[in-house]
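Undergrad:
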Amino acid sequence: MYRVKEAIIVEGVYDKIKLSSFIDGIIMTTGGFSIFNNKKAQSTIRTLAEKTGIVILSDSDSAGIKIRNFIKQLAPDSIILHAYVPEIKGREKRKEKDSAEGLLGVEGMTEDIIIDAIRKSGATVDDKAGVIRSAREITKADMFLLGLSGGNDSSLLRQEISKKLGLPSKLSANMLLDCINRLLTFDELSSLVEDIKQ
301 MYRVKEAIIV EGVYDKIKLS SFIDGIIMTT GGFSIFNNKK AQSTIRTLAE KTGIVILSDS
361 DSAGIKIRNF IKQLAPDSII LHAYVPEIKG REKRKEKDSA EGLLGVEGMT EDIIIDAIRK
421 SGATVDDKAG VIRSAREITK ADMFLLGLSG GNDSSLLRQE ISKKLGLPSK LSANMLLDCI
481 NRLLTFDELS SLVEDIKQ
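Residues 301 to 498 in this note's numbering are what the sequence shown lists, from first letter to last.
#1: At the level of alpha carbons, what is the spacing between Gly344 and Lys397?
#2: Go ahead and label Leu456 buried or exposed: buried means 16 or more other beta carbons lie within 10 angstroms of its beta carbon, across all protein chains shown.
#3: Helix, strand or coil for Arg303? Go by DSSP, reduced to three states.
#4: State the Cα-Cα distance for the pair Ser472 and Asp426, rounded to the nearest angstrom.
#5: Can you find a heavy atom of the ligand ATP that lies under 7 Å from the Cβ of Ile415?
#6: In chain order, what are the residue ranges of uninterrupted beta strand (DSSP E) at least 3 long that sit wholly in the region 440-487?
#7: Pick helix, strand or coil for Val425, following the three-state DSSP scheme.
#8: To the nearest whole angstrom, what separates the beta carbons of Ile408 and Ile367, a pair I think is in contact under 8 Å?
#9: Report, in whole angstroms, the separation of the C-beta atoms of Ile371 and Ile327, which I expect to be a contact under 8 Å.
#10: Looking at the secondary structure, which residues open and close the alpha helix (DSSP H) in which Leu319 lies?
#11: Answer yes or no: do Leu357 and Glu306 have a C-beta to C-beta separation smaller than 8 Å?
#12: My assumption, with CB atoms under 8 Å, is that Gly325 sits in contact with Arg303. Please give the rounded CB distance.
#13: Nearest by alpha-carbon distance to Arg391: which of Ala375, Asp359, Arg419 is it?
#14: Name the one or two DSSP bridge partners that Leu381 has.
Shown next, in the form of structure tokens:
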């Protein structure tokens with residue numbers, strides 16, 4: 301079992317069941333889109349964020365991104381961490397048909413993928429703090445300089461970066477920048493952009 305200090309927020313009960321099989325920690329479900337109207341759940345998320353910090357672990361599809369964006373408005377950025385699972389085509393065993401976008405959700409991911417995503421978010425796993433940001437933060441100006449914003453092919457380039465880093469392709473430029481700052485140095489990002497452009 302992995303001990304995670306921060307509370308983990310997932311979309312559904314099957315996500316919680318999956319995580320509970322290998323994570324010792326608080327795991328809360330949003331009930332999918334019902335979080336938008338569930339004031340009690342919103343209040344619980346705020347309280348957990350203040351007491352332990354939270355890790356949002358939602359599916360990589362459009363619905364998961366929408367739920368994540370709603371939850372991140374409930375508490376200050378400084379106490380919210382974002383864990384992302386990669387976009388993997390497939391269907392969970394319990395389902396009869398593919399999801400709307402044909403992607404596996406959190407419940408369909410392996411234990412290794414989930415723990416890796418949680419560690420990359422910066423969460424504390426087994427009393428070890430996750431990824432530490434590099435000393436030189438990558439800025440929006442850097443993104444522009446590297447062609448990741450403001451250009452004709454910027455969106456495609458960001459999607460390729462997301463794919464290489466195992467992140468959802470639908471991340472906003474700001475969320476991608478936050479992830480990049482957790483995962484790469486400026487030099488590593490520059491090299492990755494050059495490799496993609498070739």
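Idealized CB from N, CA, C, for every residue including glycine. This structure is a prediction, so every number in the text was calculated from the model and none was measured.
TA: With the given structure in hand:
#1: Checking the sequence, you will find Thr at residue 344 rather than Gly. Here the C-alpha atom of Thr344 lies approximately 33 Å from the C-alpha atom of Lys397.
#2: exposed
#3: strand
#4: The alpha-carbon atoms of Ser472 and Asp426 are separated by roughly 31 Å.
#5: As presented, the structure is devoid of all ligands, the ligand ATP included, so that no description of it is given.
#6: none
#7: strand
#8: It should be pointed out that residue 408 corresponds to Gly in this sequence rather than to Ile. Actually they do not touch by this definition, with Cβ atoms about 17 Å apart.
#9: So it is not a contact: roughly 14 Å between Cβ atoms.
#10: 313-320
#11: no
#12: Under the criterion of beta carbons closer than 8 Å, Gly325 and Arg303 qualify as touching, at roughly 6 Å.
#13: Asp359
#14: Val355
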